[in-house]
Each structure stands twice: as C-alpha cells, then as structure tokens.
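Here this note's numbering runs 6 ahead of the position in the sequence shown, where the first position is 1. A virtual CB, placed ideally from N, CA and C, is assigned to each residue, including glycine. Below you'll find the structure, written out as structure tokens, and then a few comments.
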Amino acid sequence: MKARIQWAGEALFLGESGSGHVVVMDGPPESGGRNLGVRPMEMLLLGLGGCSNYDVVSILKKSRQPVESCEAFLEAERAEEDPKVFTRIHLHFVVKGRGLKEAQVKRAVELSAEKYCSASIMLGRAGVAISHDYEIVELA
Numbered sequence: 007m008k009a010r011i012q013w014a015g016e017a018l019f020l021g022e023s024g025s026g027h028v029v030v031m032d033g034p035p036e037s038g039g040r041n042l043g044v045r046p047m048e049m050l051l052l053g054l055g056g057c058s059n060y061d062v063v064s065i066l067k068k069s070r071q072p073v074e075s076c077e078a079f080l081e082a083e084r085a086e087e088d089p090k091v092f093t094r095i096h097l098h099f100v101v102k103g104r105g106l107k108e109a110q111v112k113r114a115v116e117l118s119a120e121k122y123c124s125a126s127i128m129l130g131r132a133g134v135a136i137s138h139d140y141e142i143v144e145l146a
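See below:
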C-alpha cells in the first residue's frame, strides 16, 4: 500500500491514495490553516470508523441479516501533552433493519473488533483503549 502527501501551502496538504483518490487535509486558522479539510488525526479516526463499519455490514450481509443502515459514531480522547496520541476511542454502532437478530449484530461488532478491523486492532496494540457498543433500530 502506498500514499503520497503533497504540501499545498500554509497548513494545507493533499493526500493521494495508492488507488488514486485524493483527500484534503488542513489545519485550523490558529495553526496557520484555512480549515479547508479534515485534520490528519480526524483522518485516522475516520479510517478506523470506515474499516470497522465495513466489517460489521459485510459480516451481517454474509449472515443474511436484513441490514438496511449501519452508522458508526466515534468519540475519541487524546493526550493533553505532545505527542497528542489517541488514548481512548469508543465506537457506537446504530444498525437498522427489519428482523435483525441481536446475536448476529453482537457477533458482527465483536468479530470486527477482535479479528477483522486492522485499524482498530493496530491502534489497540499501540495502547489505545478501544471500546464498542451497538443499538438495533427496528424499521417499520
């Protein structure tokens, strides 16, 4: 896997993934940025959420669960001093469908956390306290 990050002036950076997609990263005005993109640490958090949510949906689909929507809401805490690493991250999944089985949703979240989500497992091994929970919303 490869990536290219190009400085575009001030605190603005363009990140290009190996698959050719571009994202904009920028800092806040108080750090010399213009607030034109996500912060790099936000990008890490988004990557974790995307990785884990992808797993949950994929596992639910493979177990033939009628999932219609899955959102992951993440909350993170960072160290007060430099380096301001993540110290705690909580993922809350809201899974919507008709007739979803709680045991299957629980299993999907656990499998993502313990076996499949590379981002979550990597951050956990680096000392970040990562927790997960979920809620099921029955659609009419």
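Opposing strand residues paired with residue i [DSSP bridges]
{"i": "leucine 80", "result": "Leu97"}
{"i": "glutamine 12", "result": "Leu20"}
{"i": "valine 30", "result": "Leu20"}
{"i": "valine 143", "result": "Lys102"}
{"i": "isoleucine 136", "result": "Ile95"}
{"i": "phenylalanine 69", "result": "One detail in the question is off: residue 69 reads as serine in this sequence, not phenylalanine. Note: serine 69 sits in no beta bridge, so no partner."}
Spatially closest choice to residue i from the options, by CA coordinates
{"i": "histidine 98", "options": "Ala119, Lys90, Val73", "result": "Ala119"}
{"i": "valine 143", "options": "Val111, Val91, Lys67, Asn59", "result": "Val111"}
{"i": "arginine 113", "options": "Ser69, Cys57, Pro35", "result": "Ser69"}
{"i": "proline 72", "options": "Gly56, Glu108, Glu48", "result": "Glu108"}
{"i": "glycine 26", "options": "Met7, Ala14, Asp139", "result": "Met7"}
{"i": "valine 91", "options": "Met47, Leu18, Arg131, Leu80", "result": "Met47"}
{"i": "alanine 132", "options": "Lys67, Lys121, Thr93, Asp139", "result": "Thr93"}
Local Cβ density within 10 Å of residue i, reported as buried at 16 or more and exposed below that
{"i": "leucine 51", "result": "buried"}
{"i": "alanine 85", "result": "exposed"}
{"i": "alanine 78", "result": "buried"}
{"i": "glycine 43", "result": "buried"}
{"i": "glutamine 12", "result": "exposed"}
{"i": "leucine 106", "result": "buried"}
{"i": "leucine 54", "result": "buried"}
{"i": "serine 37", "result": "exposed"}
Beta-carbon proximity of residue i to residue j, cut-off 7 Å
{"i": "glutamate 74", "j": "valine 100", "result": "no"}
{"i": "cysteine 30", "j": "glutamate 22", "result": "The sequence as given places valine at residue 30; cysteine does not occur at that position. The answer is no: Cβ separation not under 7 Å."}
{"i": "isoleucine 136", "j": "serine 124", "result": "no"}
Cβ-Cβ separation, residue j to residue i (assumed contact under 8 Å), whole Å
{"i": "alanine 82", "j": "isoleucine 65", "result": "Going by Cβ atoms, the distance from alanine 82 to isoleucine 65 rounds to 24 Å, so no, they are not a contact pair."}
{"i": "glycine 24", "j": "alanine 9", "result": "6 Å"}
{"i": "valine 115", "j": "valine 62", "result": "6 Å"}
{"i": "glutamate 16", "j": "arginine 40", "result": "6 Å"}
{"i": "glycine 103", "j": "leucine 145", "result": "6 Å"}
Below-7 Å beta-carbon distance, residue i vs any chain C residue
{"i": "glutamate 141", "result": "The structure shown contains no chain C; it is built from a single protein chain."}
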